[in-house]
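Enquirer: 14 is the number of the first residue of the sequence shown in this note's numbering; add one for each residue after it.
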Amino acid sequence: MNRAIRAVVRTAAALAAGVLLCTLAACSSVKPAPVPSDTGVEPAVTVQVVDNRFVPANVEIAAGEAVRWVFEGPGEHDVVASDGSFVSELVSSGEYVHVFGAAGSFAYDCSIHPEMVGTVTVR
Numbered sequence: 014m015n016r017a018i019r020a021v022v023r024t025a026a027a028l029a030a031g032v033l034l035c036t037l038a039a040c041s042s043v044k045p046a047p048v049p050s051d052t053g054v055e056p057a058v059t060v061q062v063v064d065n066r067f068v069p070a071n072v073e074i075a076a077g078e079a080v081r082w083v084f085e086g087p088g089e090h091d092v093v094a095s096d097g098s099f100v101s102e103l104v105s106s107g108e109y110v111h112v113f114g115a116a117g118s119f120a121y122d123c124s125i126h127p128e129m130v131g132t133v134t135v136r
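1. In the DSSP output, which residue or residues are listed as bridge partners for D122?
2. Enumerate in chain order the residues of its own chain whose CB-to-CB distance from V45 is below 6 Å, with the five nearest sequence positions on each side excluded.
3. Using CA coordinates, which residue listed in M129, V104, G117 is at the minimum distance from P47?
4. Using the three-state DSSP reduction, which class does R16 fall into: helix, strand or coil?
5. With distances taken from CA atoms, which of C123, H90, G77, V62 is nearest T134?
Below is the structure:
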């Protein structure tokens, strides 16, 4: 192979490696930093986090109201909003409360159990 062809092959390989790294980085999910629980707030609804599910998974509240997630059972779980607006610690017991100030639909999951999903709809 002559020098020009080897240079083209090396350049193409480097570009392919770069594209692969960028693609993998975009697909990896890193849990955002925890957002402190809102304390001293009476929740409008409580969601149980138990047996690898949220019960109920989908709730509806008014703007300015709070949701409380109660963690039960032996496994560790958290609640992580898709937009990062609420993020609990990874725990096996206790609770996490978040006040929703604006209307919208807020999807969330458990960072270590992707099958655990829920939505808070704020009207």
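Cβ coordinates follow ideal geometry from the N, Cα and C atoms, glycine included. The structure presented is a predicted model; accordingly, all values stated were derived computationally and were not measured.
Expert: In this structure, then:
1. V93, V130, per the DSSP bridge assignment.
2. Val is not the amino acid found at residue 45; the sequence shown has Pro there. Closer than 6 Å at the Cβ level, and outside the excluded window around P45, lie G97, V100.
3. Measuring C-alpha to C-alpha distances from P47 to each of M129, V104, G117 identifies V104 as the nearest.
4. Here R16 sits in helix by DSSP.
5. In terms of CA proximity to T134, G77 leads the group C123, H90, G77, V62.
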